[in-house]
Amino acid sequence: MNFKINVALINLNEQINFIDLEIDNQIEKCKNSIDVILKSVSEIKKIVLKSGFKVDTEEIQFFKELKPQFTSKLIYYNVVYKIEMKRPNGGNRILKKYYNNPLCGLISQGMLQMI
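This is the structure we're talking about:
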């Protein structure tokens with residue numbers, strides 16, 4: 016079962032890379048990436064419900080190593096989407112001030128470790 020989930024993770028990474036290359040608008044990138052991630056999470060949920068875990072170590076590996084790779088991407092793109100949606104219209108000085116403000120909060124929360 017973990018093999019199928021690893022394949023789903025590889026496919027997800029390929030789709031996100033494709034979105035990153037094809038779309039210039041950051042908000043659209045995030046929306047499309049979130050959609051793809053949610054579909055992948057739904058797919059792995061079906062795999063887990065259908066196959067189950069054969070041994071405890073497989074279950075531990077899934078929840079400790081595999082699932083966080085999906086959810087961390089979802090959290091990352093949600094945070095970027097929220098930052099971009101609240102971005103003010105203005106010159107470079109206003110944008111610099113805006114981007115520095117949320118980044119300070121994210122550093123304290125440890126969110127920038129995912130970047």
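Okay, so the sequence shown: first residue is 16 according to the numbering used here, each after it adds one. Yeah, the Cβ is synthetic: ideal placement off N, Cα and C, and Gly gets one too. All values derive from a computational prediction rather than experimental measurement.
Alpha carbons only, please: which of K111, K101 and Y96 is nearest the one belonging to I49? Cα-wise, what sits closest to I49 is Y96.
Y92 classed as buried or exposed, judged by whether at least 16 other C-beta atoms fall within 10 angstroms: Result: buried.
Alpha carbon to alpha carbon, what distance is there between N116 and F85? Distance between the alpha carbons of F85 and N116 is about 27 Å.
Once you ignore the five residues that flank E80 on each side, which residues in its own chain have a CB closer than 6 Å to its CB? Apart from the 5 residues on each side of it in sequence, E80 has no Cβ closer than 6 Å to any other Cβ in its chain.
If S66 and L27 are in contact, beta carbons under 8 Å, what's the gap, nearest whole angstrom? Wrong, their Cβ atoms sit about 19 Å apart, outside the cutoff.
When the Cα of M16 is compared with those of K61, L36 and V51, which residue comes out closest? Sorting K61, L36 and V51 by C-alpha distance to the C-alpha of M16 places K61 at the top.
Endpoints, alpha helix (DSSP H) assigned at E99: Run containing E99: K82 to M100, per the alpha helix (DSSP H) assignment.
Residues in the same chain with beta-carbon distance under 6 Å from K19, minus the five sequence neighbours each way, listed in chain order, please. These residues qualify, in order along the chain: I62.
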